[in-house]
Structure formats: C-alpha cells, structure tokens
Amino acid sequence: LLSVDPESLEARRDDWSKVVKVWYRIADFIKDEENIDEALEILSKRVAISPEEYEPFLEGTYILSLEEVLPIWKEAEGLGSVYGSTKIADDFNVEQGVYDEPLNTVQYLDPSLTLEYAESVK
C-alpha cells in the first residue's frame, strides 16, 4: 500500500503513476526466484547489512503482485479487502480508546493508480 499526500497526488499524478508502474516491476523482480540473490544484494545495501542478514526479512515479507492486489482493492468486509481491514483497524482503535469516533477511512483509500496501471497492461 502506497501512502501519498492527497495534494501531492493531485499536483503530481503523472509522477505517482510512474511510481506505481515501477513498483509492480520491482515486485515481479523480487518474486522471481532467479533474481533472489540480486534482490537481496540491492535491498541489503539500502540498510547497510549483508544479504545473508537481510534474507530473513525478505522471507518474512509477502509482496503482492498486480494480479494478487486487484481483488484486495474491491470494497468488501473482512481482512481480504483493504477497505474491510481498514475498517477493522479503525473499529479496534475506537474500542481501545486510541481515538473517540470512527474515522472516515474510505477517504484515505484510492486504488485508481493501480487500477489504471492494470488496465494499461491488459
């Protein structure tokens, strides 16, 4: 999930569209077993540790492909949807007194860039 300031998204939508496009290329690269050594080398350099030290972090991270993320962007209840899981988290925060009233969480979710990219690669 990419979090972007709404003003930045409005002002630089084309640039953010490019970020989304590159993200899915990166996801495909990382998920391809043939690239695992190179991916670990790149990722570990960013945090100044060895590829061997970084490997458990990558093993513990599941990166969704474009095909996997599309159903998750459908509005539905439950953890299988960004909308549903966001509502569950919001309800939990209200119950735990993190804040008093539920937030309008839908205003924070905008799948349009991902959906536009998916349409462009059909």
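Going by the numbering used here, the sequence shown opens with residue 38, and the numbers climb by one from there. Every residue, glycine too, gets a C-beta built ideally from N, C-alpha and C.
Continuous alpha helix (DSSP H) stretch holding T151: start and end: The residue labelled residue 151 in the question sits at position 114 within the sequence shown. Its alpha helix (DSSP H) spans residues S149 to S157.
Sub-8 Å separation of L77 and L95 beta-carbons: Counted from its first residue, the sequence shown places residue 77 at position 40. Counted from its first residue, the sequence shown places residue 95 at position 58. Taking 8 Å as the Cβ cut-off, L77 and L95 qualify as a contacting pair.
Exposure of L38, with buried meaning 16 or more beta-carbon neighbours within 10 Å: Locating residue 38 in the sequence shown gives position 1, where the first residue counts as 1. When all chains shown are included, L38 counts as exposed.
Neighbour-count burial assignment, T151, 16 or more Cβ in a 10 Å radius: Position 114 of the sequence shown, counted from the first residue, corresponds to residue 151. Its Cβ being crowded by 16 or more others within 10 Å, T151 is buried.
Spatial distance of I63 from Q133 (CA atoms): Taking the first residue of the sequence shown as 1, we reach residue 63 at position 26. Taking the first residue of the sequence shown as 1, we reach residue 133 at position 96. About 37 Å.
Interface flag, W110 vs chain D, CB-CB below 8 Å: Protein chains in the displayed structure number just one, and chain D is not present.
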